[in-house]
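> Below: one structure in structure tokens.
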Amino acid sequence: MKEFLLIFRRNEVSEESQPSPEQIQAMMKPWQDWIGNIAAQNKLVSSGNRLASEGMVVKPNNVITNGPYVEMKEAIGGYIIVSANSIDEAAELSKDCPILKMNGNVEVRAIVPMD
Amino acid sequence: MFMNEKELIPHLFRTEYRKIISVLCKLFSIEHIESAEDIVSDTFLLAAETWGLKGLPKNPTAWLYTVAKNKALDYIKHNKIFYEKIALEINQSQTPFHELEIDWSEKNIYDSQLQMMFAICTPQISSQDQICLSLNILCGFGAEEIADAFLSNKKVIYKRLSRAKSKLRSEKMKIEMPSPPEIYKRLENVLTTLYLLYSEGYYSTSQNTTLRKDLCIEAMRLNLMLTENEHTNTPATNALLSLMCFHSSRFEARTNKNGNLILYHEQDETLWNKELIHKGEYYLGKSSQGKHVSKFHLEASIAYWHTHKNDTTEKWESILQLYNRLLQVEYSPIAALNRTYALAKANGVKNAIVEAEKLNLIDSHFYFTLLGELYTTIDKEKSKSHFLTALSLAKSMPDKQTINQKLANL
Numbered sequence: 001m002k003e004f005l006l007i008f009r010r011n012e013v014s015e016e017s018q019p020s021p022e023q024i025q026a027m028m029k030p031w032q033d034w035i036g037n038i039a040a041q042n043k044l045v046s047s048g049n050r051l052a053s054e055g056m057v058v059k060p061n062n063v064i065t066n067g068p069y070v071e072m073k074e075a076i077g078g079y080i081i082v083s084a085n086s087i088d089e090a091a092e093l094s095k096d097c098p099i100l101k102m103n104g105n106v107e108v109r110a111i112v113p114m115d
Numbered sequence: 116m117f118m119n120e121k122e123l124i125p126h127l128f129r130t131e132y133r134k135i136i137s138v139l140c141k142l143f144s145i146e147h148i149e150s151a152e153d154i155v156s157d158t159f160l161l162a163a164e165t166w167g168l169k170g171l172p173k174n175p176t177a178w179l180y181t182v183a184k185n186k187a188l189d190y191i192k193h194n195k196i197f198y199e200k201i202a203l204e205i206n207q208s209q210t211p212f213h214e215l216e217i218d219w220s221e222k223n224i225y226d227s228q229l230q231m232m233f234a235i236c237t238p239q240i241s242s243q244d245q246i247c248l249s250l251n252i253l254c255g256f257g258a259e260e261i262a263d264a265f266l267s268n269k270k271v272i273y274k275r276l277s278r279a280k281s282k283l284r285s286e287k288m289k290i291e292m293p294s295p296p297e298i299y300k301r302l303e304n305v306l307t308t309l310y311l312l313y314s315e316g317y318y319s320t321s322q323n324t325t326l327r328k329d330l331c332i333e334a335m336r337l338n339l340m341l342t343e344n345e346h347t348n349t350p351a352t353n354a355l356l357s358l359m360c361f362h363s364s365r366f367e368a369r370t371n372k373n374g375n376l377i378l379y380h381e382q383d384e385t386l387w388n389k390e391l392i393h394k395g396e397y398y399l400g401k402s403s404q405g406k407h408v409s410k411f412h413l414e415a416s417i418a419y420w421h422t423h424k425n426d427t428t429e430k431w432e433s434i435l436q437l438y439n440r441l442l443q444v445e446y447s448p449i450a451a452l453n454r455t456y457a458l459a460k461a462n463g464v465k466n467a468i469v470e471a472e473k474l475n476l477i478d479s480h481f482y483f484t485l486l487g488e489l490y491t492t493i494d495k496e497k498s499k500s501h502f503l504t505a506l507s508l509a510k511s512m513p514d515k516q517t518i519n520q521k522l523a524n525l
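Structure below.
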């Protein structure tokens, strides 16, 4: 079994479409069900983290800019780590990811073992 | 409460064995654990003989303590090295040897048991061996009973017990309470052992229902002790006790007269023990202090929802989300299967079948039973073929009967 990082990229959420607590609750379910599906197959290595949309970018020569990043159309919204026999299998697991219904995408990357 | 010595002695054996042995091991040090065991066994043997002939003493427990004390003093007298060590201490305290008292105070008994629990749950002993040793020392189970509960044989259990005991001796394990940080570190191990002890009783396929119930009760007694000590009374301790209360509330409802398992949705809920359900709710409330959510919290909450017999959207959605979290904390095949059942109830059978097919637990009869169940309303032929596969994988009679019943109901 190899490990793969699944990176969720989402379109920037505009200020006016700030979801209500009830909407956030409703958004949680598909995510929890999807991660639960992976965990039930014993293929979840880490539930990873969700990332806030604000951020900073540090560049050479002491240049620090605030996000959102004009040069990036899609921001990273979060990630999980799964185990799978192949990258195809890892991609298969990503097909039901709720980010796809929100116009986002999933990037699947093999993790290089350290030893 | 007890009619005669026939019922009383086994009961006292369960409750007093660990107390006497813990106090004696604390006094003797763990190196003499086997002698302590002999003393307790001899004490109970004498009780069985004497009480049978002369009737019950006024205070049977005090009788046991006195006899154990005399036997302990005898042992000290006849063990030269030991005698010299104890004699030295006695000289210092100026107490004549024959007046040496064993501290049977409630506090010392309580402390010794708790300390014994922590000594057994040292990380140096494997968890399987810890459970055997706990059953043996903390619950007074003999090798034969342990073998019966584990569906194993006596020889294997003897081996486990002697390996664990020699580890206790070689490590010179002290019967004392570890420092609070060490308690905290080892508590998880202690709780896991109690959890496994309880599960062994609750899920064992052994036909001996009395034995299984005893196991569960003893695990609860030990867990209750942990809630009475400020250092061990943590949210996780309460969550585990809550889980045990909820499960135990269904004891009378989950088997029929022949000892066969009655599945949850076929149980007569009027047989569920309301008092235990209330206790479970009480400890679940106590467990909700603090930020850390242990797997015991999640399992107790799942068990809480199962005390509501009626199917509601809220119930199954809550159970599904709890299983989603539980599986992220710790995967187990049984949690994966139960989660899929909840998925069917919350999101519909079709969705659950898609996910069930991916689980691939092809050695488990539970897996094929679940698939058979899910297909019941969708495709009778597929359902039947899954049940037949389950039947070919099932080993115990109760499991086979349950599956045959499902086939007959198709």
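In the order they appear, the protein sequences are chains C and L.
Take the working numbering: the final residue in the first sequence is number 115, and no numbers are missing along the way.
Take the working numbering: the final residue in the second sequence is number 525, and no numbers are missing along the way.
Even for Gly, the Cβ is constructed at its ideal location relative to N, Cα and C.
Using only alpha-carbon positions, find the residue among L:Glu-496, L:Val-444, L:Ser-242 and L:His-407 that is nearest to Thr-349 of chain L.
Closest option to Thr-349 of chain L, Cα to Cα, is L:His-407.
> Would you kindly work out how many angstroms separate the C-alpha atoms of Asn-462 of chain L and Glu-152 of chain L, rounded to a whole number?
One C-alpha to the other measures close to 55 angstroms.
> Per DSSP, what kind of secondary structure is Gly-115 of chain L in: helix, strand or coil?
Since the displayed chain L opens at 116 and closes at 525, residue 115 of chain L lies outside it and no answer follows.
> Rounded to the nearest angstrom, what separates Glu-107 of chain C and Thr-385 of chain L at their Cα positions?
Approximately 53 angstroms between the Cα atoms of the pair.
> Nearest by alpha-carbon distance to Glu-221 of chain L: which of L:Glu-131, L:Ile-252 and L:Leu-250 is it?
Cα-wise, what sits closest to Glu-221 of chain L is L:Glu-131.
> Tell me whether the beta-carbon of Arg-301 of chain L lies closer than 8 angstroms to the beta-carbon of Phe-233 of chain L.
Taking 8 angstroms as the Cβ cut-off, Arg-301 of chain L and Phe-233 of chain L qualify as a contacting pair.
> Determine, using beta carbons only, whether Gly-316 of chain L and Leu-330 of chain L come nearer to each other than 8 angstroms.
Yes, the pair counts as a contact, with Cβ atoms nearer than the cut-off.
> Is there at least one Cβ from chain C nearer than 8 angstroms to Ala-415 of chain L's Cβ?
No - not a single Cβ of chain C is within 8 angstroms of the one on Ala-415 of chain L.
> For Ala-39 of chain C, decide whether its Cβ has a neighbour in chain L, counting only Cβ atoms nearer than 8 angstroms.
Judged by the 8 angstroms Cβ criterion, Ala-39 of chain C is in contact with chain L.
> Closer than 7 angstroms by C-beta to Met-288 of chain L: which residues in its own chain qualify, once you throw out the five before and the five after it? Chain order, please.
Closer than 7 angstroms at the Cβ level, and outside the excluded window around Met-288 of chain L, lie Ile-145, Ala-234 and Thr-237.
> Would you tell me roughly how many angstroms separate the C-alpha atoms of Ser-249 of chain L and Ser-242 of chain L, rounded to the nearest one?
Cα to Cα, Ser-249 of chain L sits roughly 10 angstroms from Ser-242 of chain L.
> Short of 6 angstroms in beta carbon distance, which residues of its chain neighbour Asn-388 of chain L, apart from the five on each side in sequence? Order them along the chain.
Within the same chain, Asn-388 of chain L has close Cβ partners Ser-364.
> Please confirm whether Ser-86 of chain C has its beta-carbon closer than 8 angstroms to some beta-carbon of chain L.
So no, Ser-86 of chain C is outside the interface.
> Per DSSP, what kind of secondary structure is Thr-349 of chain L in: helix, strand or coil?
Coil at Thr-349 of chain L, not helix or strand.
> Determine whether the Cβ of Leu-442 of chain L lies closer than 8 angstroms to any Cβ atom of chain C.
Yes, Leu-442 of chain L counts as interfacial toward chain C.
> In this structure, how does DSSP classify Glu-291 of chain L when only helix, strand and coil are distinguished?
Coil at Glu-291 of chain L, not helix or strand.
> Excluding the 5 residues preceding and the 5 following Met-116 of chain L in the sequence, name in chain order all residues of the same chain whose CB lies nearer than 8 angstroms to its CB.
Residue placement at Met-116 of chain L is flagged as unreliable, the pLDDT there being 42, under the threshold of 50; a coordinate-derived value is accordingly withheld.
> Counting beta carbon pairs with one atom in the segment 345 to 360 of chain L and one in the segment 401 to 420 of chain L, are three or more of them shorter than 8 angstroms?
Yes, the segment 401 to 420 of chain L is in contact with the segment 345 to 360 of chain L.
> Determine the direct distance from the alpha carbon of Leu-51 of chain C to that of Arg-9 of chain C, and round the result to whole angstroms.
Taking the straight line from one Cα to the other gives about 10 angstroms.
> Considering only the alpha carbon of each residue, which of L:Lys-282, L:Thr-370 and L:Tyr-225 lies closest to Asp-514 of chain L?
Cα-wise, what sits closest to Asp-514 of chain L is L:Thr-370.
> Report the residues of the segment 468 to 487 of chain L with a CB closer than 7 angstroms to any CB of chain C, ordered along the chain.
Residues Glu-470, Lys-473 and Leu-474.
> Go to Lys-2 of chain C, then tell me how far its beta strand (DSSP E) extends in each direction, as first and last residue.
It spans 2 to 11 - the beta strand (DSSP E) in which Lys-2 of chain C sits, taken as one unbroken run.
> Does Tyr-438 of chain L get closer than 8 angstroms to chain D when you measure Cβ to Cβ?
The displayed structure is made up of protein chains C and L, and chain D is not among them.
> Taking the Cβ atom as the reference point for each residue, do Leu-476 of chain L and Pro-448 of chain L lie within a distance shorter than 8 angstroms?
Yes, they are a contact pair.
> Grouping DSSP H, G and I as helix and E and B as strand, with all else coil, what is Thr-517 of chain L?
Residue state, collapsed to three classes: helix.
> Sorry if obvious, but does the Cβ on Thr-504 of chain L come closer than 7 angstroms to a heavy atom of the ligand COA?
Of the ligands one can find in the structure shown there are none, so the ligand COA has no counterpart to examine.
> Whole angstroms is fine: what's the gap from Met-118 of chain L's alpha carbon to Phe-143 of chain L's?
A caution first: Met-118 of chain L carries a pLDDT of 47, below 50, which makes its placement in the model unreliable, though a value can still be read off. Computed Cα separation, rounded: 36 angstroms.
> Name the residue from L:His-480, L:Ala-451, L:Asp-478 and L:Lys-460 whose alpha carbon lies nearest to the alpha carbon of Ala-471 of chain L.
Nearest C-alpha to Ala-471 of chain L: L:Ala-451.
> Among the residues of its own chain, which have a CB less than 8 angstroms from the CB of Met-27 of chain C, if the five just before and after it don't count?
For Met-27 of chain C, where only same-chain residues beyond five positions count, the Cβ hits under 8 angstroms are Pro-19 and Pro-98.
> Can you pull the chain C neighbours of Asn-462 of chain L, defined as C-beta to C-beta under 8 angstroms?
What Asn-462 of chain L touches in chain C: Asp-33.
> Taking the alpha-carbon of Ala-279 of chain L as reference, which of L:Ile-240, L:Leu-139 and L:Ile-298 has the nearest alpha-carbon?
Checked all of L:Ile-240, L:Leu-139 and L:Ile-298; the closest Cα to Ala-279 of chain L is L:Ile-240.
> Taking C-beta to C-beta, are Leu-127 of chain L and Leu-171 of chain L nearer than 8 angstroms?
Contact flag unset, no.
> Taking Lys-372 of chain L as the reference, which of L:Asp-244, L:Asp-494, L:Arg-284 and L:Thr-325 has the closest Cα?
It is L:Thr-325.
> Three-state secondary structure (DSSP) at Tyr-79 of chain C?
Residue state, collapsed to three classes: strand.
> Mind checking Tyr-299 of chain L: buried by the 16 CB within 10 Å criterion, or exposed?
Exposed, by the Cβ-count rule.
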